[in-house]
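Trainee: With the first letter of the sequence shown counted as 1, position 126 gets the number 126 in my numbering; the numbers rise by one all the way through.
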Amino acid sequence: MRKLLFLLSFFVFGLTSGAWAQTVPTWSGGIGDESLEEMKARQGDFNLKFVFAMKEGDYVADVGVKIVDGAGKVVLEQVSDGPVFMTKLPAGRYDATLTFNGVAQTRKFGLGPRGMRTEQLRWQRSAADGDAMLYIAK
Numbered sequence: 001m002r003k004l005l006f007l008l009s010f011f012v013f014g015l016t017s018g019a020w021a022q023t024v025p026t027w028s029g030g031i032g033d034e035s036l037e038e039m040k041a042r043q044g045d046f047n048l049k050f051v052f053a054m055k056e057g058d059y060v061a062d063v064g065v066k067i068v069d070g071a072g073k074v075v076l077e078q079v080s081d082g083p084v085f086m087t088k089l090p091a092g093r094y095d096a097t098l099t100f101n102g103v104a105q106t107r108k109f110g111l112g113p114r115g116m117r118t119e120q121l122r123w124q125r126s127a128a129d130g131d132a133m134l135y136i137a138k
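In structure tokens form, the structure reads like this:
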């Protein structure tokens, strides 16, 4: 009962460092000690986690996340507030498109009834035309 009230309070009053999108529960963040502690405490509520970084190791935020189910229906579309994005989806097959600075990566994956699937995505930085930076999915 206590857990239900806790989860309901997040739904009704919103989250400060994470976010709930559409009817699919999500959390994104991972910047700063408070956000990292919240992520650790909440990750048992989710079954899919994306971690975003540059190939050189720097973590990135503002990654577009679009997930489509096996029937071709968009089930989630939002922008991650930090380098970690978690969601809970029903068991099934999915396609995800993850976009950082205009460069998209795709992942096809399945989710079972239990457990957490983690996908790590990295973008490569390369110099192009002076100071402009181009991000290449790797």
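The beta-carbon is built from N, C-alpha and C at its ideal position, and this holds for glycine as well.
What are the boundary residues of the alpha helix (DSSP H) that includes R93?
Mentor: Locating residue 93 in the sequence shown gives position 93, where the first residue counts as 1. Where R93 is concerned, there is no enclosing alpha helix (DSSP H), although the beta strand (DSSP E) it sits in stretches over G92 to F100.
Trainee: Within its chain, find whatever has a CB closer than 7 Å to the CB of R122; leave out the 5 residues flanking it on each side and keep chain order.
Mentor: As a position in the sequence shown, residue 122 is number 122, starting the count at 1. Only A53, M54, K55 and K138 meet the Cβ criterion.
Trainee: With R42 as the anchor, note down where its alpha helix (DSSP H) starts and where it stops.
Mentor: The residue given as residue 42 occupies position 42 in the sequence shown. That run of the alpha helix (DSSP H) goes D33 to R42.
Trainee: Ordered along the chain, which non-local residues of its own chain (more than five positions away) have a Cβ less than 6 Å from that of I67?
Mentor: On the sequence shown, position 67 is the one that residue 67 refers to. The answer, listed in chain order, is V75, L76, Y94 and A96.
Trainee: Given this structure, state the Cα-to-Cα distance separating G112 from T26, to the nearest angstrom.
Mentor: Here residue 112 refers to the residue found at position 112 when the sequence shown is read from its first residue. Here residue 26 refers to the residue found at position 26 when the sequence shown is read from its first residue. Each residue's alpha carbon lies about 18 Å from the other.
Trainee: Rounded to the nearest angstrom, what separates E119 and S28 at their Cα positions?
Mentor: Numbered from its first residue, the sequence shown carries residue 119 at position 119. Numbered from its first residue, the sequence shown carries residue 28 at position 28. Each residue's Cα considered, the two are about 14 Å apart.
Trainee: With DSSP as the reference, label D62 as helix, strand or coil.
Mentor: Locating residue 62 in the sequence shown gives position 62, counting from the first residue. Correct three-state label for D62: coil.
Trainee: Which same chain residues end up closer than 6 Å to I153 when comparing Cβ atoms and leaving out the 5 residues on each side of it in sequence?
Mentor: With the chain covering only 1 through 138, there is no way to say anything about residue 153.
Trainee: Does D45 come out as helix, strand or coil in the three-state DSSP assignment?
Mentor: Taking the sequence shown and counting its residues from 1, one reaches residue 45 at position 45. Of the three classes helix, strand and coil, the one that applies to D45 here is helix, per DSSP.
Trainee: For the candidate residues T87, V79, L36 and R114, whose alpha-carbon lies nearest to that of A104?
Mentor: Within the sequence shown, numbered from 1, the residue matching residue 104 stands at position 104. The shortest C-alpha separation from A104 is found at V79.
Trainee: Considering only residues of the same chain and omitting the five flanking positions on each side of Y59, which have a CB-CB separation below 6 Å?
Mentor: Counting from 1 along the sequence shown, the entry for residue 59 is found at position 59. For Y59, where only same-chain residues beyond five positions count, the Cβ hits under 6 Å are A53 and P83.
Trainee: Figure out for me which residue from F85, N101, T99 and G64 has the closest Cα to the Cα of I116.
Mentor: On the sequence shown, position 116 is the one that residue 116 refers to. A quick correction: the sequence has Met, not Ile, at residue 116. The candidate whose alpha carbon is nearest that of M116 is F85.
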